[in-house]
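Novice:
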Amino acid sequence: MHFNDYRISEDIKDNLDRLGFRKPTDIQFKSIPPILKGNDLLAIAQTGTGKTAAFVIPVLQILLPKFGSPDTSDVKCLVMAPTHELAMQIHEVFSSMAKKTGLSSLCIHGGVDQDPQIKRLKEGVPIVIATPGRMFDLVSQGYLKLNKVRILVLDEADHMLDLGFLNDIQQLARKLPNNRQTLFFSATINKKIKNLAYSLVQNPIRIQISPKDPVAKNINHAVAFIEMDDKRFFLERLVNENPKSKILVFVRTKVRAERVQKALERVKLESQTIHSDKEQNERFKVMQKFRDGESLILIATDISARGIDIPDVDFVVNYDLPEQTENYVHRVGRTGRAKMKGQAVSFCSKDEKALLEEIETYLDQDIKVVDIAKKDYKETLDFSPEDETDWRSLIDKAEEDKQARKLKKRKEKRK
Ligand code: ADP
Ligand code: MG
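Mapping the sequence shown onto my numbering, position 253 (from 1) lands on 983, and the numbers just tick up by one.
(1) Tell me whether residue 756, by its Cβ, gets closer than 7 Å to a heavy atom of ligand 1.
(2) Drop a sphere of 10 angstroms on the beta-carbon of residue 1100, count the other beta-carbons inside from all chains shown, and report buried for 16 or more, exposed for fewer.
(3) Quick test of your reading: residue 1063 and residue 946, contact by CB under 8 Å. State the CB separation rounded to the nearest angstrom.
(4) Are there three or more Cβ pairs, one per stretch, closer than 8 Å when the stretch 1044 to 1064 is compared with the stretch 755 to 774?
(5) Cβ of residue 781 versus every heavy atom of ligand 2: is any distance shorter than 7 Å?
(6) With 16 other CB atoms within 10 Å as the buried threshold, where does residue 944 fall?
(7) Relative to the alpha-carbon of residue 909, which residue among 1081, 768 and 1109 has its alpha-carbon at the smallest distance?
(8) Per DSSP, what are the beta-bridge partners of residue 885 in this structure?
(9) Please work out which residues of its chain come closer than 6 Å, Cβ to Cβ, to residue 1020, disregarding the five sequence neighbours upstream and downstream, and give them in chain order.
(10) In the DSSP assignment, what are the bridge partners of residue 808?
(11) Let's test the definition: count the other Cβ atoms within 10 Å of the Cβ of residue 1091 and tell me whether it reaches 16, buried, or not, exposed.
(12) Contact between the stretch 791 to 802 and the stretch 918 to 928 is defined here as three or more beta-carbon pairs at a separation below 8 Å; is this criterion met?
(13) Excluding the five sequence neighbours on either side, which residues of its own chain have a C-beta within less than 7 Å of the C-beta of residue 764, listed in chain order?
(14) According to DSSP, is residue 763 helix, strand or coil?
(15) Classify residue 733: buried if its beta carbon has 16 or more other beta carbons within 10 angstroms, exposed otherwise.
(16) What separation, rounded to the nearest whole angstrom, lies between the Cα atoms of residue 1080 and residue 968?
(17) Alpha helix (DSSP H) containing residue 797: first to last residue?
(18) Confirm, please, whether the CB-CB distance from residue 743 to residue 804 is below 8 Å.
(19) Taking residue 953 as part of the beta strand (DSSP E), name the residues at either end of that continuous run.
(20) Could you compute how far the alpha carbon of residue 1124 sits from the alpha carbon of residue 813?
(21) Alpha carbons only, please: which of 1078, 750, 739 and 755 is nearest the one belonging to residue 939?
(22) In its own chain, which residues sit with a C-beta less than 7 Å from the C-beta of residue 1102, not counting the 5 before and 5 after it?
(23) Between which two residues does the beta strand (DSSP E) harbouring residue 1003 extend?
(24) Which residue from 981, 846, 917 and 737 puts its Cα closest to that of residue 714?
(25) So is the beta-carbon of residue 1066 under 7 Å away from any non-hydrogen atom of ligand 4?
(26) Sorry if obvious, but does the Cβ on residue 751 come closer than 7 Å to a heavy atom of ligand 1?
(27) Thinking C-beta only, is residue 838 closer than 8 Å to residue 809?
(28) Examine ligand 2 and report whether any of its heavy atoms sits within less than 7 Å of the Cβ of residue 885.
(29) Quick check: the Cα distance between residue 1068 and residue 923, rounded to an integer number of angstroms?
(30) Quick check: what's the CA-CA separation for residue 948 versus residue 779?
(31) Report the residue from 1017, 1011, 832 and 776 whose alpha carbon sits nearest the alpha carbon of residue 795.
(32) Could you give the residue range of the alpha helix (DSSP H) that holds residue 817?
(33) What do you reckon, are the CB atoms on residue 883 and residue 785 nearer than 8 Å?
(34) Using 10 angstroms around the beta-carbon of residue 974, count the other beta-carbons present and answer buried if the total reaches 16, otherwise exposed.
(35) Where residue 1013 and residue 991 are concerned, what is the direct C-alpha to C-alpha distance, given to the nearest angstrom?
(36) Evaluate residue 952 with the Cβ neighbour count: other Cβ atoms within 10 Å of its Cβ, from every protein chain shown; 16 or more gives buried, anything less gives exposed.
Structure below.
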């Protein structure tokens, strides 16, 4: 099957062609027809398999009239996403696929001035992509009207229906017309969330691709046993041995992100950080530099684990293991996008072994172990130009200890 064989507008086909989209991916092949028919859908497919276009293409087609130009006076499709960066990314996919169709989209997120968003809403825009916070502000101020919404999409659906957002989504469902179409997309989902999702829709079609292994097959992932205090030396070594590689490093907290950056700086390695304490404009700038390859190392918290599609990320490093098991899948899924291959490695300290076990149970498989010979381990520490005493004075031991205690407690609870 080729996109040319679909019964979709020539304009959309031209746009797909220009973007280099020739054949649909599995999830696109399975999702596009039922969405075009008006079905509700719960679609689960691995990271990087093209879920965005799986809803963007049929949504655009549905909103196009048979003749004449589309009606853009009301919001007809609302897409919800967990982070500003992801909402922007989806908005960009809509923009590139909607060229010349007369359809347009608006991205609504907090952290920036709301006036330009209000202006666009007043002009009329058929597709809105939003994070919950600002969206509700604009709804309560009366600028964003949802009574004409025909399609609701939840991207990263399991996360959007999880505790933090659940109230928002339930509140939202009450504001939308009953006869709307609802689409859920995610790489991971658990039973509880699945039931919740079903409670929001009518007779959905469920599509699940490769449910056995949630980690995409083009990602080669492994774990290395490295003590907490030694992790920085191994990161330094990985960076030095792969000087031209794009590396995304995940850490547990914002404080740790800054600290890892400082540690790299001390050995003359340039990197950037991204987390929720940064101003929105700064976050966009950081992402852009990483995307363009102007800066090759990005140290991130889990806010960047979901959905972000950056081309050519060579390595994902779990500098700390994720506390939420499914985030393992999302973090490593930032590499190996589309047909690309990717490498992921997790640094697991003694204290994190319980987390590793939880992740392996979740994946229903053991993660390959990278054997580091004792000699290699020692050399990695010895070759670092970093001054040990200087480092010691810089780390805030209290923070580390607190984390260790928390992990220990968790471990004990599991026993
Ligand atoms: P997911 O949401 O499943 O993690 P994305 O929608 O972000 O994946 O897509 C991952 C990458 O694959 C993107 O860079 C996208 O442009 C590319 N892609 C998606 N569908 C196709 C296709 N049919 N042909 C070529 N590239 C595609
Ligand atoms: Mg996605």
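Where a beta carbon is used, it is the ideal one built from N, C-alpha and C, also for glycine.
Here the structure is a predicted model, which means the values were calculated and not measured.
Specialist: Taking the geometry as given:
(1) no
(2) exposed
(3) 6 Å
(4) no
(5) yes
(6) buried
(7) 768
(8) 915
(9) 1028
(10) 858 and 882
(11) exposed
(12) no
(13) 771 and 935
(14) helix
(15) buried
(16) 21 Å
(17) Taken as a continuous stretch (DSSP letters only), residue 797 belongs to no alpha helix (DSSP H), as it is neither H nor E.
(18) no
(19) 949 to 955
(20) Reliability fails at residue 1124, whose pLDDT of 35 lies under 50, so the model's placement of it is uncertain and the value that follows must be treated cautiously. Going from the Cα of residue 1124 to the Cα of residue 813 covers about 32 Å.
(21) 755
(22) 954
(23) 1002 to 1004
(24) An answer regarding residue 714 cannot be provided, because it is not within the stretch 731 to 1145 covered by the chain.
(25) Looking at this structure, you won't find ligand 4 anywhere; what it does contain is ligand 1 and ligand 2.
(26) yes
(27) no
(28) yes
(29) 26 Å
(30) 11 Å
(31) 832
(32) 814 to 828
(33) yes
(34) exposed
(35) 15 Å
(36) exposed
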